[in-house]
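What follows is a short report on a single structure.
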Amino acid sequence: MRTIYIDKDYHCHTANDGTMTTVETDFFDGKCDAFVEGYCYDTGNGYPQIYPWKPLEELDNAQREYEQQLLAEYEAALAESVPLSELEAAYQEGVNSAYD
Amino acid sequence: MSNTVPLYGFGGGGGTALNFSVVGNPQPANPKENTIWIDADAEITSWIFSATQPETATEGMVWIATGATSTAEFNALKKNGIMIYPLNAKQYIGGAWAEREAKSYQNGAWVEWILWLFNYGKQDFQWKARGWKYSSSSGSFVAVVPSVVTNADGSISFTINASSGYPSGGMDLTEDFDLTDIKTLVFEYEVTGTITPQTNLVVIPRSAELWNPNTVAVATKSAKGNQTLTLDVTNIKGSYDIAIICYHNTANGGTGTFTVRMKTLKAERL
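As you go down the protein sequences, you meet chains A and B in turn.
In terms of this note's numbering, the first sequence has 74 at position 74, counting the first letter as 1, and numbering is strictly consecutive.
In terms of this note's numbering, the second sequence has 342 at position 242, counting the first letter as 1, and numbering is strictly consecutive.
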């Protein structure tokens, strides 16, 4: 579930400028801010409609870039972490030392 | 492409310079190319093609709304083409505009102006051969085998017994539909039963799952009785699955059954 903010034109925002309506929705779970801000959360007909007001292709491209960035950060974090084999070796050394 | 050509004419027929004619009921048995038939019993006293509603109208006038694309585009003049993209028709009767079905006779067949993805009241419509299928979703929602029936009036109903969890089910297209030239999807339906489900009109990528995290657009209503859901798809280009997905949270709303009766789903053009 994510908190978003709706302006008077039903455009979605990720920050409230003090004039917007707060909405909780899971529609944008995992989506980047640029994706969210290209959508409308429209209640003008008395029920929620969630649809893109910017070209969907543009929003998809922004989301792909965001996910690529997340992946790159994850891979960088993995590269800096201690290899599992070293962790296992250190654990085993600790276990063995208890019997010294 | 022009969508603001203010063509105006008197009477039901066409002039000698015009490449079309506008006629009311009965639908002609041997129409000429570009005959526009309006399902109007009242006399068509005049007609006008315009992107916007006329500011003044007279009894019997037919207003043909025009857009940027159409299923039945045509050249309005015999010489020097003026392309017309008709979308829908209304007739001015008793001080108000009333919708009228309209078709164009082109290349030996009647072409519908409105793209019906489903219409229970029509013997034939463009999407009928490709049809719809029932699916139930899994994941967070409990897959439920429903009772799906085609009613005597041609509508399709599916009934779900919501006895536990988040039972859900829905109908979706058997083939993807190109939304590139479509402005709006309009779904008319009826909900009955002992509980009120959440009914969703969704645009999603083709997938084994009806309800998936990649939903592109959705319109949602929780209500019984005859209802309409409208969804703006103006900025969605390309082909997608369109589905009606209904679900119920028994933890919040209790147990029971609900039936969703699909009546019509139309795709309105830009």
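Note that CB positions come from ideal geometry on N, CA and C, so glycine has one too.
Since we're looking at a predicted model, the values are computed, not measured.
- According to DSSP, is S85 (chain A) helix, strand or coil? Residue state, collapsed to three classes: helix.
- Output the boundary residues of the beta strand (DSSP E) element that contains Q68 (chain A). Here Q68 (chain A) belongs to no beta strand (DSSP E); instead the alpha helix (DSSP H) covers 56-80.
- Task: Note down, in chain order, every chain A residue with its Cβ under 7 Å from the Cβ of K178 (chain B).
- Result: Here the premise fails: no neighbours, minimum Cβ distance about 39 Å.
- Pairwise C-alpha distance: V286 (chain B) and I336 (chain B): Our two residues, I336 (chain B) and V286 (chain B), have alpha carbons roughly 15 Å apart in a direct line.
- Would you mind sorting Q92 (chain A) into buried or exposed? The rule is 16 or more other CB atoms within 10 Å of its CB. When all chains shown are included, Q92 (chain A) counts as exposed.
- Query: How is the alpha helix (DSSP H) around V23 (chain A) delimited, first residue to last?
  - Reply: Run containing V23 (chain A): none in the alpha helix (DSSP H); it sits in the beta strand (DSSP E), 21-25.
- Ignore the nearest five residues each way along the sequence and tell me which others in A157 (chain B)'s own chain have a CB closer than 8 Å to its CB. Excluding positions up to five away in sequence, the list reads W163, Y192, W197.
- Task: Using alpha carbons as the reference points, say which of A:Y51, A:D17, A:R64 lies closest to V318 (chain B).
- Result: When the alpha-carbon of V318 (chain B) is set against those of A:Y51, A:D17, A:R64, the nearest one is in A:Y51.
- Name, please, each residue of chain A whose Cβ falls closer than 7 Å to the Cβ of K321 (chain B). Residues of chain A passing the Cβ test: Y47.
- Message: Is it buried or exposed, L78 (chain A), if we count other Cβ atoms within 10 angstroms and call 16 or more buried?
- Response: By the neighbour-count criterion, in which a residue is buried when 16 or more other Cβ atoms sit within 10 angstroms of its Cβ, L78 (chain A) is exposed.
- Could you tell me which residues DSSP puts in a beta bridge with Q298 (chain B)? Q298 (chain B) pairs with B:Y347.
- Report the neighbours of K54 (chain A) on chain B: residues whose CB is nearer than 9 Å to its CB, in chain order. Ordered by position in chain B, the residues that pass the 9 Å Cβ test against K54 (chain A) are N335.
- chain A beta carbons: is any one of them nearer than 8 Å to that of N103 (chain B)? Confidence in N103 (chain B) is poor, its pLDDT being 39 and thus under 50, which makes the residue's placement unreliable; the coordinate value appears in the next sentence. Answer no: the Cβ-Cβ gap between N103 (chain B) and chain A never drops below 8 Å.
- R306 (chain B) to M183 (chain B) span [Cα, whole Å]: Pairing R306 (chain B) with M183 (chain B), the inter-Cα distance amounts to about 35 Å.
- Can you tell me which of B:I304, B:T259, B:I282 puts its alpha carbon nearest to the alpha carbon of T61 (chain B)? As displayed, chain B neither begins before 101 nor continues past 370, which places residue 61 (chain B) out of reach and without an answer.
- Message: Does Q49 (chain A) pass the burial test, meaning 16 or more other C-beta atoms within 10 Å, or should it be called exposed?
- Response: Buried is the call here.
- Message: Suppose only complete runs of 3+ residues qualify. What are the beta strand (DSSP E) ranges in the region 114-146 of chain B, listed by chain order?
- Response: Listed in chain order, they are 121-123, 135-138.
- Minimum Cβ-Cβ distance from E57 (chain A) to chain B less than 8 Å: Yes, contact with chain B.
- Message: At the level of alpha carbons, what is the spacing between L103 (chain A) and G94 (chain A)?
- Response: The question about residue 103 (chain A) has no answer here: the residues shown for chain A are numbered 1 through 100.
- Query: Which chain B residues are close to F27 (chain A), counting only those with a beta carbon under 8 Å from its beta carbon?
  - Reply: What F27 (chain A) touches in chain B: T315, V318.
- Query: Leaving out the 5 sequence neighbours to the left and right, which residues in its chain are closer than 6 Å to S204 (chain B) when beta-carbon positions are compared?
  - Reply: Excluding sequence neighbours, S204 (chain B) sits near I136, A172, V211.
- Message: Nearest by alpha-carbon distance to I138 (chain B): which of B:D272, B:L273, B:I304, B:M161 is it?
- Response: Looking at the Cα atoms, B:M161 is the closest of the given residues.
- Message: Taking its Cβ as the centre, do 16 or more other Cβ atoms sit within 10 Å of E133 (chain B), making it buried, or is it exposed?
- Response: E133 (chain B) should be labelled exposed.
- Query: If you run the structure through DSSP and keep just helix, strand and coil, what is Y39 (chain A)?
  - Reply: Strand at Y39 (chain A).
- Amino acids of chain A, ordered along the chain, whose beta-carbon sits closer than 8 Å to that of L331 (chain B): Result: Q49, Y51.
- Item | Top-ranked residue by Cα proximity to T334 (chain B), from A:L70, A:G38, A:L71 | Nearest to T334 (chain B) by alpha-carbon distance, out of A:L70, A:G38, A:L71, is A:G38.
- Query: Does any residue of chain B bring its CB to less than 8 Å from the CB of D9 (chain A)?
  - Reply: No, its Cβ sits nowhere closer than 8 Å to a Cβ of chain B.
- Contacts around A323 (chain B), its chain only, beta-carbon distance under 6 Å, and the 5 residues preceding and following it disregarded: Residues of the same chain with a CB within less than 6 Å of the CB of A323 (chain B), apart from the 5 flanking positions on each side, do not exist.
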